[in-house]
Amino acid sequence: MIPKSAQRFLDKITRTKWTRRQGVPIYAQAIVAHFGRDMNIAVSKPDLTIRLCGPRGFCAGVDRAIQIVVLALKAYGAPVYVRHEIVHNRYVVEGLEAKGAIFVEELDEIPAEHRAQPVVFSAHGVPKSVPADADTRNLFYLDATCPLVSKVHKQAMRHNRLGRHVVLIGHAGHPEVIGTMGQLPEGAVSLIETVEDADAYEPADPDNLGFVTQTTLSVDDTAGVIARLQQRFPNLTAPAADSICYATTNRQEVVKEAAPGCDLFIVVGAPNSSNSKRLVEVALRAGATKSVLVQRASEIDWDNIGDVKTVGLSAGASAPEVIVNEIIEAFRSRYNAVVELAETVKETENFLVNRELRSIELTTSDMAFVNGE
Ligand code: SF4
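One gets this note's numbering by counting positions in the sequence shown from 1 and adding 390 to each.
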């Protein structure tokens with residue numbers, strides 16, 4: 391029979407605000423397990439539904455870029471240099487560093503004694519000056535630019551070849567924008583970020599313009615900017631295919647579906663990840679009461695999470711699935727959580743790695759640091 395004092399203690403502990411937020415402490419669970427049959431108390435966690443978005447997380451371009459670094463390490467040994475964060479995610483970068491990758495911002499940071507080791511260019515793409523610089527320095531480079539970013543480069547070059555001034559819709563300073571602008575001579579591209587920029591834009595030849603966009607923009611915001619440009623410049627030429635990529639579009643679409651009715655919408659991603667930040671905005675616009683961007687479960691403000699019943703969960707294209715799982719487990723330890731899949735489409739895209747690396751075997755355990763076992 392449980393002593394009365396222990397019963398009172400357990401009654402109290404299961405009713406506290408702390409327990410409702412953090413879950414029943416382990417020592418209290420042990421007492422309950424020990425005296426459980428004699429006690430008539432319910433140690434229940436609050437109910438919660440997690441709406442897990444699909445598709446989420448890694449896109450084919452990010453997956454390929456990470457594979458290139460992993461395979462280069464297998465093929466050529468450490469160190470493998472990577473110019474700029476291979477994808478915008480600290481967890482991925484640290485995982486690759488642990489395998490022997492060294493991240494640099496510029497090629498002159500590669501020491502002379504390591505010039506024979508490969509250097510990988512990030513998925514965001516690079517200006518033409520970067521491979522030219524690598525050639526001058528006699529470096530061996532592997533380009534991990536996403537094929538869909540390369541497609542935008544080609545579209546911009548095509549506009550230029552046909553005598554059009556290129557209007558690039560994107561965010562100033564983003565590496566992809568720097569890379570796309572760097573495909574053409576200085577002055578050949580004008581950057582437009584907002585509808586206000588489109589209003590203020592005064593091109594030298596308004597009848598001879600062609601546009602492209604960054605691949606990771608908000609689909610809705612970009613449509614607004616394009617509409618304003620087309621209104622002002624009716625002869626503006628569109629690219630042959632949409633520049634915003636399938637992964638950005640799909641992740642935004644499913645967030646739109648899942649967000650209405652969510653008390654909280656969590657997007658896993660880095661603060662410098664453009665597509666992840668867009669998902670936060672999309673969730674709020676679609677009706678989530680609150681939306682936050684987090685890199686790890688520990689960044690969730692558990693103390694001030696409030697009375698949540700439905701939580702949406704998605705991940706930007708550079709955020710690994712292991713972190714999504716970590717967040718689900720963190721909720722399960724505090725709530726009686728049920729996971730519902732909100733899926734709009736199945737993605738089957740898969741981009742081949744560089745020719746030099748295709749003969750190297752890539753195992754599940756090579757990628758377990760991001761995908762889990
Ligand atoms: S977000 Fe799109 S463009 Fe960027 S790496 Fe992924 S697939 Fe490529």
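No residue lacks a Cβ here, since even glycine has one placed at the ideal position from N, Cα and C.
Best match in the options for proximity to residue i [C-alpha to C-alpha]
i	options	result
V520	G447, E496, D632 and A513	E496
G447	V556, L538, Q604 and V657	V657
D360	L552, V482 and P593	Residue 360 falls outside the range modelled here, since the chain spans only 391 to 763, and no answer is possible.
L532	I476, I568 and K544	I476
N715	N740, E737 and Q685	Q685
H514	L461, C449, A491 and H504	C449
E576	I440, V556 and P565	V556
P710	D453, I440, Y636 and R441	D453
L752	T439, S434, L463 and P436	L463
D697	I713, E689, A720 and Y725	Y725
F721	S688, R618 and G572	S688
A548	P593, G600 and I492	Reading the sequence as shown, one finds Arg at residue 548 and not Ala. It is G600.
L683	A491, D691 and A578	D691
K544	P565, G572, N740 and A676	G572
A488	A502, V460, C652 and D693	V460
A630	V701, R618, A617 and A546	A546
S708	R441, I440, P436 and A455	A455
Residue i burial status per 10 Å Cβ neighbour count (16 or more: buried)
i	result
K699	exposed
L747	buried
R427	Per-residue confidence for R427 stands at a pLDDT of 48, beneath the threshold of 50, marking its modelled position as unreliable; the derived number appears in the next sentence. So R427 ends up on the exposed side.
R554	buried
V743	buried
N528	exposed
S704	buried
S749	exposed
L552	exposed
R473	buried
A468	exposed
G563	exposed
K646	buried
P508	buried
T754	exposed
S664	buried
E763	exposed
N625	exposed
S434	exposed
Terminal residues of the beta strand (DSSP E) in which residue i lies
i	result
G600	L599 to T603
Y591	Per DSSP, Y591 belongs to no beta strand (DSSP E) and is neither H nor E.
D533	F530 to D533
P445	Per DSSP, P445 belongs to no beta strand (DSSP E) and is neither H nor E.
E733	N726 to E733
Unbroken alpha helix (DSSP H) run spanning residue i, endpoints
i	result
I656	Premise fails: I656 lies in the beta strand (DSSP E), L654 to V658, not in any alpha helix (DSSP H).
N761	A758 to N761
R454	A450 to Y466
R722	E711 to R722
R668	S664 to A676
P565	P565 to M571
S519	S519 to T526
Spatial neighbours of residue i in its chain, beta-carbon cut-off 7 Å, leaving aside the 5 residues before and after
i	result
V542	T570, V602, T605 and S633
G614	V585
T639	V609
E671	S608
F759	G485
T612	I559, T603 and I634
F511	R473, V520, Y531, D533, A534 and T535
H561	V567, E583, Q604 and S664
L538	G451, T605 and C635
Close beta carbons around residue i, own chain, < 6 Å, minus the five adjacent residues each side
i	result
K680	L654
R745	none
Same chain only: Cβ atoms within 8 Å of residue i, ignoring 5 sequence neighbours per side
i	result
R622	A588, D589, Y591 and P596
E733	C443, G444, P445 and V644
Residue(s) in a DSSP beta bridge with residue i
i	result
H555	L599
L752	Paired residues: none, contrary to the question.
I582	I559
V682	I656
G702	R441 and F655
R473	V494 and F511
T627	G600
Neighbour flag for residue i against chain B, beta carbons, 8 Å
i	result
D589	In the structure shown, chain B cannot be found, because there is only a single protein chain.
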